[in-house]
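For what it's worth, the numbering used here labels the leading residue of the sequence shown as -8, then goes sequentially. In this text, a Cβ means the ideal position worked out from N, Cα and C, and glycines have one as well. Single-structure report; data block below.
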Amino acid sequence: MANVLTVEAKQGDILFMPERRGRNQETETGQPLQVLLLSGVRSAEQWCRASNDTEPPAAMVDVSLYYESLCPGCRAFLVFQLFPTWLLLSEIMNVTLVPYGNAKEQFDGKQWQFTCQHGEQECLGNLIETCLMNVLLQPSEYIPVIFCMESSEDVVNNAEACLKLYQPDVQWDTIMNCVKGDQGNKLMHANALMTDALKPPHEYVPWVTINGEHTEELQQEAMNSLHTLVCKTYKLALKVGVILHVTRRMLQRMLLLRKRCTVYTCARTLHKSKRNPPGGSVRYYHCENRFGIAEL
């Protein structure tokens, strides 16, 4: 069945409501599945329920999708998992799209010729989406266009309309010049090289990697709930980041103590102090010299 996208927008709000004709995806309450982004209301960390604002930021989570523009499973993953997750968590995730999948390439002496699993239209769709990324450059500009294409009934023939909807200042001819020229051919060859370089080699599409890693467990988690997987991966990196942050603080403190205590006689002692919790004690540097005592 074809996917239909209903979009309602007003200033400050963007509402994306993917539906299936004849069978709406529903929540446990029986309501249509909705992905709602209220700009300025929640950050990515809040969507992931990060615990402490004072914690140092973790590294971004890299999500790469190796796919085919007309593959039904790829389209479903991009529309119902990747795009909603990116909308909510774009602050903490990088998205790489590589449209090629199970295609084959052969050099004819002048340029690369491509054979795609779902025919020539898929090769054209792959090429259009590749050129969109090359021309628009920023994920915030090209991901909505590609989502629009993949959620429409006719991916290729709706590409121009999707570009006009999300990037009205970009001329369609600019995209087609890339598609029909040497640049597009070279870009598709680069996609082929990226896909062929996967370790382990891809066996199907969609093929998802998280921070460059692919396992069957990660793949299944991504297919079930990419949002949950990205949050879990980010929180794990956040914990590592906190450990490194604390380690750096300890090293900085040691260097500071060495500097401050150069004229002191110092001993690290177990001592109760007013700054300790009630009934608590802590080890710290107790330094003395003829000018007085310093607790560091």
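Exercise. Relative to the alpha-carbon of K177, which residue among Q97, E111, N202 and W198 has its alpha-carbon at the smallest distance?
Worked result: Looking at Q97, E111, N202 and W198, the one whose alpha-carbon comes closest to that of K177 is Q97.
Exercise. So is L156 buried or exposed if we call it buried at 16+ other beta carbons inside 10 Å?
Worked result: Looking at its Cβ environment, which holds fewer than 16 other Cβ atoms inside 10 Å, L156 is exposed.
Exercise. Quick one: Cα of I134 to Cα of L209, how far?
Worked result: One C-alpha to the other measures close to 22 Å.
For this session: Ignore the nearest five residues each way along the sequence and tell me which others in A150's own chain have a CB closer than 6 Å to its CB.
Result: Apart from sequence neighbours up to five positions away, the residues of its chain that approach A150 with a beta-carbon distance below 6 Å are I119 and M140, ordered along the chain.
For this session: Could you say if the stretch 153 to 172 and the stretch 185 to 192 meet the contact criterion of at least three C-beta pairs nearer than 8 Å?
Result: No: fewer than three Cβ pairs fall under 8 Å.
For this session: Run through the stretch 61 to 102 for me and flag every whole beta strand (DSSP E) of 3 or more residues, listed as ranges in chain order.
Result: The stretch 61 to 102 contains these whole beta strand (DSSP E) runs: 84 to 90 and 95 to 98.
Problem set entry | Contacting residues, own chain, Cβ-Cβ under 7 Å from T200 (five flanking each side not counted) | For T200, where only same-chain residues beyond five positions count, the Cβ hits under 7 Å are S55.
For this session: Determine the extent of the beta strand (DSSP E) in which T121 is found, giving its start and end residues.
Result: Per DSSP, T121 belongs to no beta strand (DSSP E); it is in the alpha helix (DSSP H), E111 to L127.
For this session: Find out if the Cβ-Cβ distance for the pair E59, V196 is shorter than 8 Å.
Result: A Cβ-Cβ contact shorter than 8 Å links E59 with V196.
For this session: Tell me, please, which residues DSSP counts as bridged to I137.
Result: According to DSSP, which records beta bridges pairwise, I137 is partnered with nothing at all.
For this session: Using alpha carbons as the reference points, say which of Q108, Q104, G64 and V70 lies closest to H180.
Result: Nearest neighbour of H180 by Cα position, chosen from Q108, Q104, G64 and V70, turns out to be Q104.
Problem set entry | Secondary structure of L248, DSSP reduced to three states | Residue confidence is low: L248 scores 49 on pLDDT, short of 50, so the model does not pin down where it sits. Its coordinate-derived value is still stated next. Three-state DSSP puts L248 in a helix.
Exercise. Exposed or buried, which one is L128 when buried takes at least 16 other CB atoms within 10 Å?
Worked result: The residue in question, L128, is exposed, as its Cβ has fewer than 16 Cβ neighbours within 10 Å.
Problem set entry | Residue nearest to E132 in terms of C-alpha spacing, selected from P159, A67, V52 and C114 | For the set P159, A67, V52 and C114, the Cα lying nearest the Cα of E132 is the one of P159.
Exercise. According to DSSP, is Q211 helix, strand or coil?
Worked result: Q211 sits in a helix when the DSSP states are folded into three classes.
For this session: Thinking A213 and L220 are a contact (beta carbons under 8 Å), I'd like their distance in whole angstroms, please.
Result: About 5 Å; that satisfies the 8 Å criterion.
For this session: Out of Y225, Q174 and T121, state which residue places its alpha-carbon closest to the alpha-carbon of K101.
Result: Closest by C-alpha distance to K101, out of Y225, Q174 and T121, is Q174.
Exercise. Among all the DSSP beta bridges, which residues are the ones paired with Q104?
Worked result: Bridge partners of Q104: Q97.
Exercise. So, is G64 buried or exposed, given that buried needs 16 or more other C-beta atoms within 10 angstroms?
Worked result: G64 is exposed by the Cβ-count criterion.
Problem set entry | DSSP state of T206 mapped onto helix, strand, coil | DSSP places T206 in the coil class of the three-state scheme, outside both helix and strand.
For this session: Grab me the residues of M124's own chain with a C-beta within less than 6 Å of its C-beta, minus the 5 sequence neighbours each way, in chain order.
Result: If we look at M124 and ignore the five residues flanking it on each side, its Cβ neighbours are Y133.
Exercise. What's the C-alpha gap between E144 and W77?
Worked result: One C-alpha to the other measures close to 22 Å.
For this session: Reducing DSSP to helix, strand and coil, say where W189 ends up.
Result: Sequence check: residue 189 is Leu here, not Trp. Under the three-state reduction of DSSP output, L189 falls in the coil class, being neither helix nor strand.
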